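Taking it in order: structure first as structure tokens, then the write-up.
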Amino acid sequence: MKIVDNRGAPPELVRLVDQLGQEVEGVNQVILDAFVPELRKDRAIGAFEPTAKIIIIDLGHCITDYRWMKYGALYIANVWLNMVVSVFHEFAHADQLNSDDITIEEMEQDPELHAMIEDDAITKAMTEAHTYFGQGHITPPLREMGWAGEKIAEVLNNTYKDIPEQVMEEIEVHKSGGAAELMAASSALPRFNEENIELLKENIDREQGGVKLGGRYYMTMAEFVSSTIEQSLYN
Ligand SMILES: [Zn+2]
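If you read the sequence shown in the numbering used here, its first letter stands for residue 1, the second for the next number, and so on.
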């Protein structure tokens with residue numbers, strides 16, 4: 001499997017791509033790029049082309065897609081989670097073709113099947129991302145995020161004059177290994193109740209998982225991801 005890195009992707013992302021290339025058969029090429037014209041319409045963070053068996057990861061759309069911030073994630077964590085989930089998601093599609101149940105034609109044309117394989121890839125990607133972060137992988141420092149790190153730094157610099165407290169919070173929490181503010185996440189995600197919020201706070205107070213900064217509680221990426229997937233650890 002060939003890896004084409006057109007922008008200077010985060011080395012950890014390249015390592016993950018390389019690892020999955022060894023685990024999942026049937027991917028010819030993974031292109032790491034930004035603002036790819038073919039993906040512009042849907043602003044997709046990734047794509048899998050089943051005929052040529054090429055995966056594209058769009059680092060640019062990973063930076064401009066704020067999907068996890070709606071659930072309380074901080075910006076840097078949001079970007080990194082997009083990248084990691086995009087990689088797992090597109091490899092999941094490649095792996096779907098490895099089973100005899102799905103053909104390229106079906107994948108491209110059958111709308112009902114398309115919805116099903118999309119759901120399947122989403123579930124698989126989140127489960128694998130949860131395992132990945134559970135193994136202790138953290139959001140890399142910006143200097144280890146290559147092109148994306150520079151772009152994130154630009155965004156933070158540009159917004160500092162308007163929202164200095166949030167930008168400082170962002171940087172401090174990122175340094176400490178936090179990913180999402182607990183109260184913001186718990187009000188946006190249905191899986192939280194008073195009991196598991198208290199449990200998380202207690203864990204953070206005991207310095208097991210998460211961080212407490214400026215009187216606020218922040219979940220780790222593993223905790224955040226687990227609270228966004230179906231089989232929540234806090235059920
Ligand atoms: Zn998909």
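Where is the CB? At the ideal position from N, CA and C, for every residue including glycine.
Quantities reported herein were computed from a predicted structural model and do not represent experimental measurements.
Is residue i near ligand 1, judged by its Cβ being under 7 Å from some heavy atom?
{"i": "Ala121", "result": "yes"}
{"i": "His89", "result": "yes"}
{"i": "His61", "result": "no"}
{"i": "Glu118", "result": "yes"}
{"i": "His130", "result": "no"}
{"i": "His174", "result": "no"}
{"i": "His137", "result": "no"}
Is it true that the CB of residue j sits closer than 8 Å to the CB of residue i?
{"i": "Ala9", "j": "Leu59", "result": "yes"}
{"i": "Asp120", "j": "Val24", "result": "no"}
{"i": "Val173", "j": "Tyr132", "result": "no"}
{"i": "Val240", "j": "Leu13", "result": "Since the first and last residues shown for the chain are 1 and 235, residue 240 lies out of range."}
{"i": "Gly21", "j": "Ala184", "result": "no"}
{"i": "Ile3", "j": "Asp18", "result": "yes"}
{"i": "Leu182", "j": "Ile197", "result": "yes"}
{"i": "Ala180", "j": "Ala115", "result": "no"}
{"i": "Met126", "j": "Thr228", "result": "yes"}
{"i": "Asp81", "j": "His61", "result": "Before going on, a small fix: residue 81 reads as Leu here, not Asp. Not in contact: Leu81 and His61 (Cβ atoms no closer than 8 Å)."}
{"i": "Tyr218", "j": "Lys201", "result": "no"}
{"i": "Val211", "j": "Ser176", "result": "yes"}
{"i": "Ile104", "j": "Leu113", "result": "no"}
{"i": "Glu170", "j": "Leu74", "result": "yes"}
{"i": "Ile55", "j": "Glu90", "result": "yes"}
{"i": "Gly178", "j": "Thr123", "result": "no"}
{"i": "Met149", "j": "Leu142", "result": "With the sequence shown as reference, residue 149 is identified as Gly, and Met is not the correct amino acid for it. A contact, by the Cβ cut-off of 8 Å."}
{"i": "Met1", "j": "Val27", "result": "yes"}
{"i": "Arg7", "j": "Ala34", "result": "yes"}
{"i": "Ile45", "j": "Ile152", "result": "no"}
{"i": "Pro37", "j": "Glu108", "result": "no"}
{"i": "His130", "j": "Ala222", "result": "yes"}
I'd like to confirm the pairing. Which residues does DSSP put opposite residue i in its beta bridges?
{"i": "Asp33", "result": "Asp58"}
{"i": "Val211", "result": "Tyr218"}
{"i": "Asp5", "result": "Leu32"}
Is residue i close to chain D, meaning its C-beta is less than 8 Å from at least one C-beta of that chain?
{"i": "Ile55", "result": "Among the chains of the structure shown, chain D does not appear; only one protein chain is present."}
Under 7 Å from any heavy atom of ligand 3, does the C-beta of residue i make it?
{"i": "Phe133", "result": "In the structure on display, ligand 3 does not appear, and the ligands it does have are ligand 1."}
inquiry  = Quick check for students: name the residue ranges of the beta strand (DSSP E) that lie wholly in the segment 171-206, counting only runs of 3 or more.
reply    = none
3 or more residues per run - each beta strand (DSSP E) lying fully within the segment 45-133 = 46-49, 54-58
ask   = Which runs of the alpha helix (DSSP H) spanning at least 4 residues fall entirely within the segment 140-164, listed in chain order?
value = 146-160
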